[in-house]
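**Q** Quick one: structure below, then a few questions.
There are 8 protein chains.
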Amino acid sequence: MGSTSDLPVMEKAAALLNEFEVPFEINALSAHRTPKEVELFATNAQDNGIEVIIAAAGMAAHLPGVIASMTTLPVIGVPINATLDGMDALLAIVQMPPGIPVATVGINASLNAAILAVQMLAVGDKELQSRLKLYKESLKNKIVEANEQLSLVKYKFKTN
Amino acid sequence: MGSTSDLPVMEKAAALLNEFEVPFEINALSAHRTPKEVELFATNAQDNGIEVIIAAAGMAAHLPGVIASMTTLPVIGVPINATLDGMDALLAIVQMPPGIPVATVGINASLNAAILAVQMLAVGDKELQSRLKLYKESLKNKIVEANEQLSLVKYKFKTN
Amino acid sequence: MGSTSDLPVMEKAAALLNEFEVPFEINALSAHRTPKEVELFATNAQDNGIEVIIAAAGMAAHLPGVIASMTTLPVIGVPINATLDGMDALLAIVQMPPGIPVATVGINASLNAAILAVQMLAVGDKELQSRLKLYKESLKNKIVEANEQLSLVKYKFKTN
Amino acid sequence: MGSTSDLPVMEKAAALLNEFEVPFEINALSAHRTPKEVELFATNAQDNGIEVIIAAAGMAAHLPGVIASMTTLPVIGVPINATLDGMDALLAIVQMPPGIPVATVGINASLNAAILAVQMLAVGDKELQSRLKLYKESLKNKIVEANEQLSLVKYKFKTN
Amino acid sequence: MGSTSDLPVMEKAAALLNEFEVPFEINALSAHRTPKEVELFATNAQDNGIEVIIAAAGMAAHLPGVIASMTTLPVIGVPINATLDGMDALLAIVQMPPGIPVATVGINASLNAAILAVQMLAVGDKELQSRLKLYKESLKNKIVEANEQLSLVKYKFKTN
Amino acid sequence: MGSTSDLPVMEKAAALLNEFEVPFEINALSAHRTPKEVELFATNAQDNGIEVIIAAAGMAAHLPGVIASMTTLPVIGVPINATLDGMDALLAIVQMPPGIPVATVGINASLNAAILAVQMLAVGDKELQSRLKLYKESLKNKIVEANEQLSLVKYKFKTN
Amino acid sequence: MGSTSDLPVMEKAAALLNEFEVPFEINALSAHRTPKEVELFATNAQDNGIEVIIAAAGMAAHLPGVIASMTTLPVIGVPINATLDGMDALLAIVQMPPGIPVATVGINASLNAAILAVQMLAVGDKELQSRLKLYKESLKNKIVEANEQLSLVKYKFKTN
Amino acid sequence: MGSTSDLPVMEKAAALLNEFEVPFEINALSAHRTPKEVELFATNAQDNGIEVIIAAAGMAAHLPGVIASMTTLPVIGVPINATLDGMDALLAIVQMPPGIPVATVGINASLNAAILAVQMLAVGDKELQSRLKLYKESLKNKIVEANEQLSLVKYKFKTN
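Residue numbers (our numbering), protein chains in the order written: chain A, 1 to 160; chain B, 1001 to 1160; chain C, 2001 to 2160; chain D, 3001 to 3160; chain E, 4001 to 4160; chain F, 5001 to 5160; chain G, 6001 to 6160; chain H, 7001 to 7160.
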């Protein structure tokens, strides 16, 4: 992430990766304030055994694109809502030029970034695939249960 | 893709996958007009040996999200510019709720979708990783060559 | 609705339907987390005696469009303001492709969704038509009374 | 519609209604230039046997809302793209205040307005319901056929 | 104004008119809920001695345009910020079709609406012109005084 | 206007003023390139017998606001669509600070600016009021005639 | 700045200039309320020894552009977020016509305006250049230290 | 610039610099495709005698910010309109985080970028200051002449 101020948003990603028992490291690296450190991280990531990178940044959010320019690993970008409801960060991340994609998720969607990372890692990993299916099932069950709670709400002309 | 009218945009993705010798199938499936066919495709994709899905759609672009709701494979979403400069499609694809990510690329960015798919497949594939590095090198070389051409352009006070 | 978190917004719709003595059921069904349950609901709705469907969702709001793709009943879409002031939800609901309309109301406009549903049901129902006229009359009277209150506010050079 | 310049957009609605054999009348009535004519039309519509109204307008598009203020019939609003990609018309139609809904369809989506009108009329009309199902089937078949055409397109590494 | 909920915003207009000793009346009239009352007001305004109309409304703000359609008096429109930061109201007021202008001021800018009204009335009124000049002078003086206060703020390297 | 490139848009205003036999002068004055000339124009306008000013500008459109800051005459602002569909010009004109209003019309709406100017001049001018009523009548008649033409268009199930 | 209400935002600029020991003066001057004072300031700035001007304003933010029209000194514009998340101010400042640039920084980005001013002054000033490098180094160090703190945060499957 | 496709836009900057006899070099360097070349350029720019950098880029325009992160020279950013009317590039350039400013000019405003660069260089250069004043004078004269041409246009009721 571009700044430790993004930590409250990004903790959901860490928690999800823990839940899936996927090892990860977490860094604060700014495309604009620590370009050299970003370069070191990005160019060495693959050799350091990293397989997927999640990069979060707000405003003129360059971090995901800058990392993507220096590695062939898939880079997931999380636009952080710091200004303009996050629209500046979304456009600065998703509208990459031909040749250098960033896999962009929704504004502040750190949880989805982590799930997407797990989905990428699961491409060749049956165990992770199974866990993803259980996770999807649990998402469904929460809604199904909520729906059952809802049927207890009484309205005069409600039919069910 | 949601409609064969998206083919001119999506052909760049097919060409890139050919260049990387990555096998693929291409379908026109509409989240709104052929929901049953979309469901059949999405729920059987993993069993049919598909590892990554690219879904392109315009306007209220539901196809990527609907497919993502029915599979745990990574789904790459391409917003097609049909109306409103593609902003409607971008928001309808990227702003997915917690739990169901879509890896969104730029508006009409079919080439980037294909590269991102290759990057995902390359996570456990050294051969693809090498080709990605060569591809990145070739992108760089095109700019370097263009830059050299540029140095031939004469301006009176240009210094190089 | 896509989530029980939308209930505070949608309760106004329930209250209005009660006021018009129109029977209804209320469900939490997520286009993305419970696609199968949505399909069951939508494909059986007409056979279950449902005549109009109101679907509310936020962000990349697919629920109304997904339901509309699976039924020929009129579907009313309510964009919920979860992010971006609700603009993402509005565009994701209203910009449906040719052939599959969603009758979209304003952002968070659950009351209007319910009135619109009553207007549709009233097409062939004289009794509901009468109640709608009384309701419209009561809306008018509230403004007329407020206007009368306003005439009591004193400004130095106010003429009435 | 607010002006005869909207006719090229709105003719698709007329064609669809013809296809469904639904009788209709078509008028150019401007909320701003012919307010009296709009009032006559809207207040007498129900007595004249009209059951659903489609109103199209661009820019500061008041026509659908003004008609909705004068009748309890369901009013379908079509935002016409005259300026600002139609965003001004969309917001001026969809963001109605509590109590007076307009069933808004997408920008320039006259076809969807007509289908929505048929869906409303079909609430109590089995014959129209059947035709709607056939129409939906035909939409599906067009995509299915397009998809079959697509399978004939040859790419080197395409798998189907 | 379209609703008494707009009163807190519009009171600044009333205060300014009092300050200029310009007689006025204030009404809550809704384009959508009391169309008949709006028509009565607008069509009789000139005969009732009204010379300029200020109309404020939020969301799909039709009130200024509807009044403008029924009178040849100048109509000043005030977009009220009820949703979408007031952008819906601004566009619904300012983007009037050719022939029926609304003199639009900024979002929630009731004070400016009142000043503009005074400027219009001052076209043929020397006394009002003089007061406007004094008012403009007083605006200037407030800034000039604030600027003098500012010179008392001490910064180490501040030069004045 | 800020530039002679705005002349094609603004000629409609000149034509309308001619139609109403309202004397006017037309100038190209740039808030940014000729600030001194703008100041001379604005500060002397009232003494030169000018009663209403129409100012048109595009992009960061400062001309209307700058003129308004230097006169107490009513200033009508016309946002010209030079970039961003004219949204930059609209916001730069309409969002004036408290105390200095600009009467803003729609993007490129030079005709409406001229009508609004006539409405302001008509406040104390019975003759102009009469012409405005005739003009409004003629607008209505054009729509009524167009509507009659429309009734000649034949659709199979059209009822009138 | 256009108003003393902008002082809380602009104090960061003053603090930064103090930190760099760059002499400055600070004024509240409104393009709209004190045009004459703005003109005096801008036309005399260069003769008064001013080398760079920072101008901050919100809404229809004309101050930077108006100053830029009256001087050949570089003018840095700071859009203040007063309404519309600051988008109106950003567009009103950055979209200057050809010939009269304003060096625009981000919304409310007073700190960056001051740094940019120092960068301009440093063009011919080795001492300031050195301080800028130290400042940049300190920005980097803050992130590097934050990153080290981050490594102390424990997650179950975190690897560093 | 990020790509030679930006050359048609950026040639106006080269022409202006020629007009002012300011030496410059011109490069195509992509933040995303040639990050190493960008780093070499940016980190060595000051040692190579460069005093001001103009960086132009479209879409997720990172080039200006990336260069600004690697130098303390002032960096002028030109948002290129490649998609979304250039709004993505504008936000990706102007919304820089605290500490690393980019002096942003309008969308496609390469001429203004060059003038701004000259203004920065003129801070300590009397000769350039004189030329800037002559240039500003010539801008004014073009408008004054255009205005004189305009006075020849005849309208019936035009007064001058």
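Backbone N, C-alpha and C fix where the C-beta goes; we use that ideal spot for every residue, glycine too.
Could you round the C-beta distance between Ala-1028 (chain B) and Ala-1061 (chain B) to whole angstroms and report it? I think they count as a contact, below 8 Å.
**A** Taking the first residue of the second sequence as position 1, residue 1028 (chain B) is located at position 28. Taking the first residue of the second sequence as position 1, residue 1061 (chain B) is located at position 61. With a Cβ gap of about 14 Å, Ala-1028 (chain B) and Ala-1061 (chain B) do not count as contacting.
**Q** Where does Thr-5071 (chain F) fall in DSSP's three states?
**A** Position 71 of the sixth sequence, counted from the start, is the residue given in the question as residue 5071 (chain F). The answer is coil: DSSP assigns Thr-5071 (chain F) none of H, G, I, E or B.
**Q** Who are the near neighbours of Leu-7121 (chain H) in its chain, counting only those whose CB is closer than 7 Å to its CB and skipping five residues on each side?
**A** Position 121 of the eighth sequence, counted from the start, is the residue given in the question as residue 7121 (chain H). Excluding residues within five positions, the ones whose Cβ falls inside 7 Å are Val-7022, Glu-7051, Val-7052, Leu-7128.
**Q** Looking only at C-alpha atoms, which of C:Ile-2054, C:Ile-2143, C:Lys-2140, C:Val-2123 sits nearest to Leu-2007 (chain C)?
**A** On the third sequence, position 7 is the one that residue 2007 (chain C) refers to. With distances taken between Cα atoms, Leu-2007 (chain C) lies closest to C:Ile-2054.
**Q** Is the Cβ-Cβ distance between Val-2118 (chain C) and Leu-2132 (chain C) less than 8 Å?
**A** Translated into the one-based positions of the third sequence, residue 2118 (chain C) becomes position 118. Translated into the one-based positions of the third sequence, residue 2132 (chain C) becomes position 132. Yes; because the gap between Cβ atoms is below 8 Å, this pair is in contact.
**Q** Quick check on the DSSP output: what are the complete beta strand (DSSP E) runs of length 3 or more inside the stretch 2026-2087 of chain C, in order along the chain?
**A** Listed in chain order, the complete beta strand (DSSP E) runs (minimum 3 residues) inside the stretch 2026-2087 of chain C are 2053-2058, 2075-2080.
**Q** Tell me whether Lys-4133 (chain E) sits in a helix, a strand or coil according to DSSP, three-state version.
**A** Position 133 of the fifth sequence, counting from 1, holds the residue named residue 4133 (chain E). Three-state DSSP puts Lys-4133 (chain E) in a helix.
**Q** Within 8 Å of any Cβ in chain A, is that where the Cβ of Ala-7117 (chain H) sits?
**A** Taking the first residue of the eighth sequence as 1, we reach residue 7117 (chain H) at position 117. By this cut-off, Ala-7117 (chain H) is not an interface position.
**Q** Should Val-3009 (chain D) and Ile-3080 (chain D) be called a contact, given that it needs their Cβ atoms to be closer than 8 Å?
**A** Your numbering for residue 3009 (chain D) matches position 9 in the fourth sequence. Your numbering for residue 3080 (chain D) matches position 80 in the fourth sequence. For Val-3009 (chain D) and Ile-3080 (chain D), yes; Cβs fall inside 8 Å.
**Q** Taking Val-6153 (chain G) as the query, report the chain H residues whose CB atoms sit under 8 Å from its CB, ordered along the chain.
**A** Numbered from its first residue, the seventh sequence carries residue 6153 (chain G) at position 153. Chain H residues near Val-6153 (chain G): none, gap ~22 Å exceeds 8 Å.
**Q** Could you have a look at Thr-4004 (chain E) and say whether DSSP puts it in helix, strand or coil?
**A** Counting from one through the fifth sequence, the residue named residue 4004 (chain E) turns up at place 4. Residue state, collapsed to three classes: helix.
**Q** Can you tell me the Cα-Cα spacing of Gly-2214 (chain C) and Ile-2076 (chain C), whole angstroms?
**A** Because chain C is modelled from 2001 through 2160, residue 2214 (chain C) falls outside the range shown and cannot be assessed.
**Q** Is Thr-7072 (chain H) close to chain G, meaning its C-beta is less than 8 Å from at least one C-beta of that chain?
**A** As a first step, residue 7072 (chain H) is located in the eighth sequence; it is residue number 72 there, counting from the start. Closer than 8 Å: yes.
**Q** Check whether the Cβ atoms of Ala-1167 (chain B) and Met-1001 (chain B) lie closer than 8 Å to each other.
**A** This structure cannot settle anything about residue 1167 (chain B), because the visible part of chain B is limited to 1001 through 1160.
**Q** Could you please tell me which residues of the stretch 2115-2139 of chain C, in chain order, have their CB closer than 7 Å to any CB of chain I?
**A** Looking at the structure shown, chain I is missing, and the protein chains on hand are A, B, C, D, E, F, G and H.
**Q** Hey, quick one: how far does the alpha helix (DSSP H) through Ala-5114 (chain F) stretch, first residue to last?
**A** In the sixth sequence, counting from the first residue as 1, residue 5114 (chain F) sits at position 114. Note, Ala-5114 (chain F): alpha helix (DSSP H), 5110-5121.
**Q** Beta-carbon within less than 6 Å of Thr-7104 (chain H)'s beta-carbon, same chain only, minus the 5 sequence neighbours each way: which residues are those?
**A** One-based indexing of the eighth sequence puts residue 7104 (chain H) at position 104. Contacts found: Gly-7077, Ile-7093, Val-7094.
**Q** Should Asn-6112 (chain G) be labelled buried (16 or more other beta-carbon atoms within 10 Å of its own) or exposed?
**A** As a working mapping, residue 6112 (chain G) is identified with position 112 in the seventh sequence. Counting Cβ neighbours within 10 Å, Asn-6112 (chain G) comes out buried, since at least 16 surround it.
**Q** Which residues, in order along the stretch 1023-1034 of chain B, keep a beta-carbon less than 9 Å from a beta-carbon of chain D?
**A** Residues Pro-1023, Phe-1024, Glu-1025, Ile-1026, Asn-1027, Ala-1028, Leu-1029, Ser-1030, His-1032, Arg-1033, Thr-1034.
**Q** Output the distance between the C-alpha atoms of Leu-3063 (chain D) and His-3032 (chain D), rounded to the nearest integer angstrom.
**A** Residue numbering aside, residue 3063 (chain D) sits at position 63 when the fourth sequence is read from its first letter. Residue numbering aside, residue 3032 (chain D) sits at position 32 when the fourth sequence is read from its first letter. Whole-angstrom Cα-Cα distance: 8 Å.
**Q** For a contact meaning CB atoms closer than 8 Å, what does Phe-7041 (chain H) contact in chain F?
**A** Taking the eighth sequence and counting its residues from 1, the one referred to as residue 7041 (chain H) is at position 41. Under the 8 Å cutoff, chain F gives no residues; its nearest Cβ is about 30 Å from Phe-7041 (chain H).
**Q** For Val-1153 (chain B), is the classification buried or exposed, using 16 other Cβ atoms within 10 angstroms of its Cβ as the cut-off for buried?
**A** To locate residue 1153 (chain B), count along the second sequence from 1; it is residue 153. Counting Cβ neighbours within 10 Å, Val-1153 (chain B) comes out exposed, since fewer than 16 surround it.
**Q** Mark Phe-157 (chain A) as exposed unless 16 or more other C-beta atoms lie within 10 angstroms of its C-beta, in which case mark it buried.
**A** Residue numbering aside, residue 157 (chain A) sits at position 157 when the first sequence is read from its first letter. Looking at its Cβ environment, which holds fewer than 16 other Cβ atoms inside 10 Å, Phe-157 (chain A) is exposed.
**Q** So Glu-37 (chain A) contacts chain G; which residues on that side make the cut at Cβ distance below 9 Å?
**A** Along the first sequence, one-based indexing puts residue 37 (chain A) at 37. In chain order: Lys-6140, Ile-6143, Val-6144, Asn-6147.
**Q** Around the Cβ of Leu-5073 (chain F), are there at least 16 other Cβ atoms within 10 angstroms (buried) or fewer (exposed)?
**A** In the sixth sequence, residue 5073 (chain F) corresponds to position 73, counting from 1. Buried, because 16 or more other Cβ atoms sit within 10 Å of the Cβ of Leu-5073 (chain F).
**Q** Taking the beta carbon of Lys-2136 (chain C) as the centre, do at least 16 other beta carbons fall within 10 Å, making it buried, or is it exposed?
**A** Here residue 2136 (chain C) corresponds to residue number 136 of the third sequence, with the count starting at 1. The residue is buried, with at least 16 neighbouring Cβ atoms inside 10 Å.
**Q** For the putative contact between Gly-4065 (chain E) and Ile-4026 (chain E), defined by C-beta atoms under 8 Å, what is the C-beta separation to the nearest angstrom?
**A** Sequence index remark: in the fifth sequence, residue 4065 (chain E) carries index 65 (1-based). Sequence index remark: in the fifth sequence, residue 4026 (chain E) carries index 26 (1-based). Not really, about 20 Å apart at Cβ, beyond 8 Å.
**Q** Could you check if Leu-2017 (chain C) is buried or exposed, using at least 16 other CB atoms within 10 Å of its CB as the buried criterion?
**A** The residue you call residue 2017 (chain C) lines up with position 17 of the third sequence. Answer is buried; the Cβ neighbour count reaches 16.
**Q** So, is the C-beta of Met-6096 (chain G) closer than 8 Å to a C-beta in chain H?
**A** Locating residue 6096 (chain G) in the seventh sequence gives position 96, where the first residue counts as 1. Interface residue, yes.
**Q** Please state whether the Cβ-Cβ distance between Thr-7083 (chain H) and Met-7059 (chain H) is less than 8 Å.
**A** Indexing the eighth sequence from 1 puts residue 7083 (chain H) at position 83. Indexing the eighth sequence from 1 puts residue 7059 (chain H) at position 59. Taking 8 Å as the Cβ cut-off, Thr-7083 (chain H) and Met-7059 (chain H) qualify as a contacting pair.
**Q** Determine the DSSP secondary structure at Lys-7142 (chain H), reduced to helix, strand or coil.
**A** As a working mapping, residue 7142 (chain H) is identified with position 142 in the eighth sequence. Looking at Lys-7142 (chain H) - three-state DSSP - the assignment turns out to be helix.
**Q** Run through the DSSP bridge pairs and tell me what Phe-6024 (chain G) is partnered with.
**A** Mapped onto the seventh sequence, residue 6024 (chain G) falls at position 24. Partner(s): E:Lys-4158.
**Q** Within the same chain, show all residues whose beta-carbon is closer than 6 Å to that of Ser-1110 (chain B), passing over the 5 residues directly before and after it, in chain order.
**A** Sequence index remark: in the second sequence, residue 1110 (chain B) carries index 110 (1-based). Excluding sequence neighbours, Ser-1110 (chain B) sits near Val-1009, Met-1010, Lys-1012, Ala-1013, Val-1078.
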